[in-house]
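Worksheet: one structure, shown below.
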Amino acid sequence: MSESRPPKRTKADDDRNLVVVDEDFANADAEDRLWLFWERNQTVIVRSITSVVVGVLAFLAFYFWKEAQHEALGEAYVACQDETARRAFAAAHPKEPLAAIALIEVADELRRKNKLTEAAKTYDEAAAIAAIAGETPAIHAIAARAKLFSGLSRQELGQANAEAIITSVAEDNSAPETLKGYAMYVLANLALTRGDNAGAAKWINLMDKRLQATHVWAQDKTWLVRSEPALLTPLNPDPIPSKGK
Numbered sequence: 002m003s004e005s006r007p008p009k010r011t012k013a014d015d016d017r018n019l020v021v022v023d024e025d026f027a028n029a030d031a032e033d034r035l036w037l038f039w040e041r042n043q044t045v046i047v048r049s050i051t052s053v054v055v056g057v058l059a060f061l062a063f064y065f066w067k068e069a070q071h072e073a074l075g076e077a078y079v080a081c082q083d084e085t086a087r088r089a090f091a092a093a094h095p096k097e098p099l100a101a102i103a104l105i106e107v108a109d110e111l112r113r114k115n116k117l118t119e120a121a122k123t124y125d126e127a128a129a130i131a132a133i134a135g136e137t138p139a140i141h142a143i144a145a146r147a148k149l150f151s152g153l154s155r156q157e158l159g160q161a162n163a164e165a166i167i168t169s170v171a172e173d174n175s176a177p178e179t180l181k182g183y184a185m186y187v188l189a190n191l192a193l194t195r196g197d198n199a200g201a202a203k204w205i206n207l208m209d210k211r212l213q214a215t216h217v218w219a220q221d222k223t224w225l226v227r228s229e230p231a232l233l234t235p236l237n238p239d240p241i242p243s244k245g246k
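As numbered in our numbering, residues 2 to 246 make up the sequence shown, in order.
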């Protein structure tokens, strides 16, 4: 798989893609189940880009398949095994969350084949479907997943709008912390790459302010700060008072 990696660090061998599901899910409303999942598992999901793919998309696919398993829709989704079938499924069900997930799966496969332009467009199609599929937390997570990977694909292509797309996920309060935090981390890395220490510090500080203290990117953020001396020094240190005052 052609995985998106932040410029400063890779974790190709990180395989901690743990998922915990218990009986609380059975008693929760459909709209609450995704949040229960994130609250229980956000500190143990894999912290590399593989975690975002496996930990987010696989759960969302299962979540919406479970909701539709007694209907023909769920069976039709499971039957899709290639790009043609998934695109046909999405075209036939343009307002369904599973249609967005099917297109994300198509886009992920295109990324694995390094067809980044096609992948980015397909992620955009998935995000557009998610935008009209509903307002539940789970659907917001699908939209954020699609937007983030559209931005990452476009960043690899060197497209000018890539950073704005990634920023939209970083600033999306409805996005899961795993996605929002990764977007912030990528933006900090991109700022450092172009020598913008102030921009990097901004995103590092926002990770502290807007994410829980135990968020899954905490160690990565700490590593980044320690590896960049400029981030350890205050950007505007207080002036030293004169001895006469």
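Note that beta-carbon positions come from the ideal geometry of N, C-alpha and C, so glycine has one too.
key: Same chain only: Cβ atoms within 7 Å of Met-185, ignoring 5 sequence neighbours per side   = Exclusion of the five residues before and after Met-185 leaves Ala-171, Trp-204, Leu-207 and Met-208 as the residues of its chain whose Cβ lies within less than 7 Å of its Cβ.
Euclidean distance between Cα positions of Ala-231 and Thr-194: Cα to Cα, Ala-231 sits roughly 13 Å from Thr-194.
How should Ile-50 be labelled, buried or exposed, when 16 other C-beta atoms within 10 angstroms of its C-beta is the threshold for buried?
Only weak support exists for where Ile-50 lies, its pLDDT of 48 falling under 50; the value from the coordinates is given anyway. For Ile-50, the number of other beta carbons within 10 angstroms of its own is at least 16, and it is reported as buried.
Of all the alpha helix (DSSP H) runs that stay within the bounds of the stretch 74–152, which reach a length of 4 or more residues? Qualifying alpha helix (DSSP H) stretches, in chain order: 84–93, 98–113 and 117–134.
- [ ] Use the C-beta contact count for Asp-197: other C-beta atoms within 10 angstroms, 16 or more gives buried, fewer gives exposed.
- [x] Exposed, since its Cβ has fewer than 16 Cβ neighbours within 10 Å.
Report task. If I'm right that Thr-215 touches Leu-158 with Cβ under 8 Å, what's the distance once you round it to whole angstroms? Result -> So it is not a contact: roughly 34 Å between Cβ atoms.
Per DSSP, what kind of secondary structure is Thr-179 in: helix, strand or coil? If DSSP states are grouped into helix, strand and coil, Thr-179 belongs with the helices.
State the start and end residues of the unbroken alpha helix (DSSP H) segment that holds Asp-209.
Looking at the DSSP string, the run of the alpha helix (DSSP H) that includes Asp-209 is 198–211.
Exercise for the section: Could you pull the start and end residues of the alpha helix (DSSP H) that Thr-1 belongs to? Expected result: Coverage of the chain is limited to positions 2 through 246, which leaves residue 1 absent and any answer about it impossible.
If you drop the 5 nearest sequence neighbours on each side, which residues of the same chain put their C-beta closer than 7 Å to that of Ala-100?
Only Phe-90, Ala-91, His-94 and Ile-130 meet the Cβ criterion.
Quiz item: Hey, how far is the Cα of Arg-146 from the Cα of Leu-233?
Solution: Whole-angstrom Cα-Cα distance: 31 Å.
message: Helix, strand or coil for Gln-160? Go by DSSP, reduced to three states.
response: Looking at Gln-160 - three-state DSSP - the assignment turns out to be coil, as it is neither helix nor strand.
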